[in-house]
Structures are given as structure tokens and as C-alpha cells.
């Protein structure tokens, strides 16, 4: 993840930025970004705000994240939030 993510997504993010686009990754458990630690790594490796999060709170259930961790997750990623599903 630490090595592959910037290699794969770096050029995609660069191209999106060139065209004025944003990329929002959703917190869906059946992807390669399966938890808070993965999103932290992704956003640390690609600090460009072209890459952000589409947050769906219902997916926290699938990740077994309780309400306390939900709050933590929200605080940690709020600066990269691009869109969200309704609660």
C-alpha cells in the first residue's frame, strides 16, 4: 500500500489536477482501502487535495467501527472530505 498507492494514483491525481477535476475515494470495505489506516496512508502519500474522500457513514458498520471511532475518523479525514452520503 505505502509503495504501490503513490505509484498508481500519483499520475492519475496529476492528470485530474491538470483538468481541474477531483478524485473522491469512497470508504467502501470491499476495496483496497479497507480502513482508517489505509486512508491515512493514501492521504499521507498523496498530500494533493485533488484526492479526497467520498464518505458514506453506513459503511462504518461493515468496517465494525463504533460511534467513537466514527468521530475520530471524521476528525482525521475532514480536511480531505469531498462529498458524503446522507446519514
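Numbering (the numbering used here), first residue to last: 15 to 101.
Beta carbons: idealized from backbone N, C-alpha and C, even for Gly.
For this session: Please report the Cβ distance between residue 65 and residue 27, rounded to the nearest whole angstrom; I am assuming they are in contact, meaning their Cβ atoms lie under 8 Å.
Result: 5 Å
### Message
By alpha-carbon positions, which one of 39, 53, 36, 45 ends up nearest to residue 16?
### Response
53
Self-check item: Strand pairing of residue 26, partner residues [DSSP]
Solution: DSSP, once it has assigned bridges, lists no residue as partnering residue 26.
May I ask which residues mark the beginning and end of the beta strand (DSSP E) holding residue 56? Per DSSP, residue 56 belongs to no beta strand (DSSP E); it is in the alpha helix (DSSP H), 50 to 59.
Spatially closest choice to residue 18 from 94, 71, 98, 60, by CA coordinates:
60
Next item on the list: Go to residue 39, then tell me how far its beta strand (DSSP E) extends in each direction, as first and last residue.
Entry: 37 to 40
Test: residue 36 CB closer than 8 Å to a CB of chain C: Annotation note: the requested chain C is absent from the structure, which comprises a single protein chain.
Please classify residue 56 as buried or exposed, where buried requires at least 16 neighbouring CB atoms within 10 angstroms. buried
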